[in-house]
Amino acid sequence: MRQSRLVGRERAISVLDDLLAGLSRGEGATACISGAAGAGRTALLSRVGGVVASCVPDGVPFGAVTQLAAALLSPAAFGDLVSACLDDREGAAGRLCDAFTGLAVNRPVVLAVDDLQWADEWSVRWFAEMAGRTGEVPVLLVATAYEPVGWGQRIPVAPLTPAETAVLVRQVLGELPVEVEAAVLDVVRGRPAVLHELAERWVDTSGERWSPGRAAASAEQYPAADGWVTASAEQYPAANGWAAPPGEQWTPARATAAGRAVTSAEQHPAATGWAAPPGEQWTPARVTAAGRAVTSARAARIRRGLPPDALRLLRATAVSERLDVVAAAELAGLEAAEVPGALSALEASGLVADGRPAEPHLAADVLAELAEPERDELYRRGAELAHRTGAGALVAAELLRAAPPVGEPWARAVLTEAAEQWSAQGNPLAAAESLRRALAEPASPAERATLLVRLASAVVRRDPDHADRRLVQVLAEPALATLPTATTAADLLLARGDAETVHRLVAEPGRASTVDPALVALARLAREEGAADPEMPVPPLPGTDTIGVDPARPAAADPAAVDPATARPAAAPVGAAAAVLAGVDAAARASAGPGAAAAAAAARGAGAGAGAGAGAQVEAATRAPVGAAAGAAARAGTPASAAAASGASAGAGAAAGASVGPGAAVSTDTRNERHTPPKPLPAFPGTTTPDPADAGVAAFRLAVRGEHRAAVLDLASRALVVREEAPLMPRIAACRALVCAGVLGDAVDALTVVVAAARRRDARAAAAQALVHRAAVALRDDRPEEALRDLAAADRELPVRCWHPLALPLRVAVEITARLRVGRIEHARHLGAEPLPRPSGYGAAVAFLRHAEAELALAEDDPASALESALECGRVLRARGWVNPMVATWRTTASLALRRLGEHGAAAALAAEELALAEHWGTAAALEPLRERAAAGPRRTVPAPRRPADPLPAARFPVTRPDALSPAERDVAELAARGLANREIARELSIALRTVELRLTKVYRKLGLNGRAALADHWPTRTPRS
């Protein structure tokens, strides 16, 4: 048998040995082993031998002392004693003392009482009287209690030191991996009893649970323990079922020997045949979970013995760790005189430390024992108390989040104030939950709309779809849609990129008479950014649109009847691009099979007539599926397709060359054009002052079409001089208009102001949008390193995964271009190859991604792919009427690709068209550096290798798997895997208990697990990471 010992208890053992030695000499004594719960008091008590009475808080008179009498007296003598005590209750304590002192006349007697603090009043009286007699007879009276009693020698027992605990862990469980042992030490915290209960939960390689029965503490193993008596199997599991012998069989020597030989399985399982399983079966997470279960079970046993006052105080302290003892006592309804005793009992039992629950999960256990109505009432009264006593908004809001709706105005105000404080402290989860809870309180439509918008801002980084739903709620509910807050909601929704939803909701019938002009402006901007041809028809927007064509409105009956002063100049340059697009389409058809020669001839014919029929070719080219024809030509790569493209391009070049140059005629024949010519400008620059948001959007829409540059500059300046609360996206649109006009310095300054305003409003998506556009300006100004810094700042505001699919291509395009400019071609290639979530290919932003891909292809010496991507960029932009070359220099990129393919005529035509458009717009000087940089870019970036210290980024848009967890489910799963109880998880994440249960159910189903233990085992390897 393995020799067992009590670690760190040498002094206490020495004192007990001296008392036993004195008992053998006929000297009686009284002693009390005192210490906190779990410190090992019971283990020391077992060493003194004798009979043991275990006290339980059942209130049965003489419950402890009768256990001792029954073990030491014969049945007949015990029955006579009980009858006598029942007849004379006042003298019962004295009669019991007489019985024990009578036994001590013939032999020494050891009387042990465990957990004296739970003893009934009559047993305590007996103990006090018996302690007064131990000096007269050879009786050793020993008790254990949380605090020292007023009689006999005191034997204090403190928690083990870390070093002592480590020794005991190795003695009980054997050698463990370092991280597992550290987890065990963290759970035990110097409490031997906790370690031994944890050992009971240890499993062997077969997965079977260890139990006292398997320990086989047989009489053969413990001959001295044969017939040992114990009060309950709960106190001494290994002694379960041992029979109590007649007292005369016991002698002091035998009692001493048995006490030293028998250390129960609770104290030293390794000494009773228990074998510790291999440590690798246990992980720190499983140890933590098992430790919480052990401490919860121990605390539950202790709580059953608490006095009523102490239990009420414990429940009050469990409600909130922010309530001090004074407030908790008031919540518990205790008088000032009752508080010290109740608090002392809680601290001695180890349930409370420094006026707070000793461990957070113990507070959750305490509240879980209450019925739901009782628990809700406790939280409600706690919130009212915190509000009334000025404990602070955070304290009151924490209690309100767990309470049902109060129905009073102060509750919503407190929750809103707390949300602001939590947000300032960097705790968006608590802020969001506080706002959700505030929505449950009564509120006016305006207050409700404000709460919804603030909630969307709080959750956009973690759950952007939820944020969008809250904003849509504001725009869709009739009672909220006409409020000024609806404009803010649309602004935030558009900032993340959901242009189609903004357009659709603002265009709904019934808004025309009440809609805010700024809201209509946002909808027009959304229409520009959304799909060129929406799958679902959208009603016309309220008001009159004087720019472009509203797809929801019928086209003009006679587009030719246009004022010549406002007609589009130089039809031939437009035809040059159309001829190239048509030529590539013809090349694709030629490479498809029989009839290639005829198709190529048709393509050449189309190119030759570019100058005369540009409008028809534009219509044919832009109606083709985006990228389909060009992709076919690029994938073919055959001499036949190259020849077809050459013929078409040559024809286009000839037509363009004939029409571009000094004194080129202005064409007013637009009857074959797809897009209606620009309408006369509204009265913006005249006597009527436009709404700033409308001005900003109008400036952007005119700028991308390359029309009325002077008006664009005026409108943009008006849009940027606004109130603090003005919408942000129209201001960003005005900045983009300035960029198109070549005024980069003013655009950067204005975008910096927008970033600051967005941060003050907690509008993270708008701040990210402004930073990305500022990065794009830095790229135009040949400052790629600064662009990368702006992109990093944008990611801090709104991670890439949180961008809406319609806006995401722009963000990716800017990064690809920035990586190219600093020579990180492999990094740029990795970004370009990453699939984007749907429907990212339907908005205007995809044009910028196609252009970035074209530049990347040129840098990798793949002109065919570059041409394909550049022409697709052109199709997307022309479908919207965005012909201004300052939007994207796709013609330059395509011309560079054509030159590498040997198509110099078509390349010259595209370059000439771009220059002519820039001259008409007034930005030829600003365009030239962009063209030069595009031509020099591949030569500069190709030789630059990727730095070894610059690793490729992880995938940011993983393909959704059937078992993928949402961010909210991952949060709950991670805490559950760490061993937190459901109520602890609810408190940690500031969500409802029922929500935790539902999310855990989904986690188990998605991951194919059958409970918390399996989750703890598999969490590090099975959880999908974002």
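For the sequence shown, counting from 1, position 298 maps to 298 in UniProt numbering; every step adds exactly one. For glycine and all other residues, C-beta sits at the position ideal for the given N, C-alpha and C.
Practice prompt. Report the option in Glu725, Val704, Arg759 whose CA atom is closest to the CA atom of Ala734.
Written response: Val704
Worksheet item: Thinking C-beta only, is Ala767 closer than 8 Å to Glu797?
Response: In contact: Glu797 and Ala767 (Cβ atoms closer than 8 Å).
Fill in: Thr893 burial status per 10 Å Cβ neighbour count (16 or more: buried)
buried
Worksheet item: Is the distance from the Cβ of Leu323 to the Cβ of Leu331 below 8 Å?
Response: yes
Discussion item. Which same chain residues end up closer than 6 Å to Val7 when comparing Cβ atoms and leaving out the 5 residues on each side of it in sequence?
Written reply: Glu164, Val167, Leu168
Fill in: Range covered by the beta strand (DSSP E) that runs through Leu917
It is not in any beta strand (DSSP E) - Leu917 instead sits in the alpha helix (DSSP H) that spans 904 to 921.
Worksheet entry | Residue of Pro540, Pro805, Thr752 minimising C-alpha distance to Ala844 | Pro805
Worksheet item: Three or more C-beta pairs closer than 8 Å, one from the region 735 to 754 and one from the region 771 to 789: is that the case here?
Response: yes
Item to complete: Specify the secondary structure class of Val777 as computed by DSSP and reduced to three states.
Response: Helix at Val777.
Worksheet item: Are there 16 or more other CB atoms within 10 angstroms of the CB of Pro542, so buried, or fewer, so exposed?
Response: With a 10 Å radius around the Cβ and a threshold of 16 neighbouring Cβ atoms, Pro542 comes out buried.
Fill in: Under the three-state DSSP convention, the category Ser717 falls into
helix
Worksheet entry | Ala818 vs Leu791 beta-carbon contact at 8 Å | yes
Worksheet entry | Where residue 1030 falls, given that 16 or more other Cβ within 10 Å makes a residue buried | No answer is possible for residue 1030: the residues shown for the chain start at 1 and end at 1026.
Worksheet item: CA-CA distance, Val124 and Gln421?
Response: In a straight line, the C-alpha of Val124 is about 53 Å away from that of Gln421.
Worksheet item: Does DSSP put Arg940 in a helix, in a strand, or in coil?
Response: Low per-residue confidence applies at Arg940: pLDDT is 45, beneath 50, and the placement is therefore not dependable enough to give any value.
Worksheet entry | N-terminal and C-terminal residue of the alpha helix (DSSP H) that Thr101 is part of | Here the alpha helix (DSSP H) through Thr101 covers 92 to 104.
Worksheet item: Using the C-alpha atoms, what's the distance from Thr101 back to Arg89?
Response: 19 Å
Worksheet item: What's the gap between the Cα of Ala337 and the Cα of Gly305?
Response: 21 Å
Discussion item. Judging by CA-CA distance, which residue of Ala21, Asp80, Val51, Arg9 is the nearest neighbour of Ile33?
Written reply: Arg9
Item to complete: Under 8 Å Cβ to Cβ from Val1003, same chain only, skipping five residues before and after it: list those, please.
Response: The beta carbon of Val1003 sits closer than 8 Å to those of Leu965, Glu969, Val972, Ala973, Ala976, Leu1009, Leu1015, all from its chain and outside the five residues before and after it, given in chain order.
Discussion item. For Pro360, which residues in the same chain have their Cβ closer than 7 Å to its Cβ, ignoring the five residues on either side in sequence?
Written reply: Taken in chain order, the residues that qualify are Glu984.
Worksheet item: Would you report the Cα separation of Arg940 and Glu928, rounded to the nearest angstrom?
Response: Confidence is the limiting factor: at Arg940 the pLDDT is only 45, short of 50, which leaves the residue's position unreliable, though a coordinate-based value still follows. Straight-line spacing of the CA atoms in Arg940 and Glu928 works out to 18 Å.
Practice prompt. Return the chain-ordered list of same chain residues with a C-beta closer than 8 Å to the C-beta of Arg401, the five sequence neighbours on each side being excluded.
Written response: Leu415, Glu433, Ser434, Arg437, Ser990
Worksheet item: Roughly how many angstroms lie between the CA atoms of Ser865 and Ala763, to the nearest whole one?
Response: 38 Å
Item to complete: Mind checking which residues open and close the alpha helix (DSSP H) that includes Ile732?
Response: 729 to 740
Item to complete: Count the CB pairs spanning the region 387 to 394 and the region 357 to 377 that are closer than 8 Å, and state whether there are at least three.
Response: no
Practice prompt. Check Gln153 in the structure and name its three-state DSSP category.
Written response: strand
Worksheet item: Per DSSP, what kind of secondary structure is Ile985 in: helix, strand or coil?
Response: Three-state DSSP puts Ile985 in a helix.
Worksheet item: What does DSSP give as the partner residues of Val33 in its beta bridges?
Response: In the sequence as presented, Val is not what sits at residue 33; that position holds Ile. Partner(s): Thr144, Ile155.
Worksheet item: By Cβ distance below 8 Å, which residues in the same chain neighbour Pro57 in space, the five residues on each side in sequence not counted?
Response: Trp118, Arg304, Gly305, Leu306
Fill in: Through-space distance from Gly832 to Val194, alpha-carbon basis
Roughly 56 Å separates the two Cα atoms.
Item to complete: Return the residue from the list Gly28, Val800, Val506 that minimises the CA-CA distance to Pro540.
Response: Val506
Worksheet item: Could you give the distance in angstroms between the alpha-carbon of Ala182 and the alpha-carbon of Ser296?
Response: 20 Å
Discussion item. Classify Pro75: buried if its beta carbon has 16 or more other beta carbons within 10 angstroms, exposed otherwise.
Written reply: exposed
Practice prompt. Rounded to whole angstroms, what's the CA-CA distance from Ala888 to Leu930? Just pull it up for me.
Written response: Ala888 and Leu930 have their alpha carbons spaced roughly 10 Å apart.
Discussion item. Tell me the rounded alpha-carbon separation between Arg999 and Arg987.
Written reply: 15 Å
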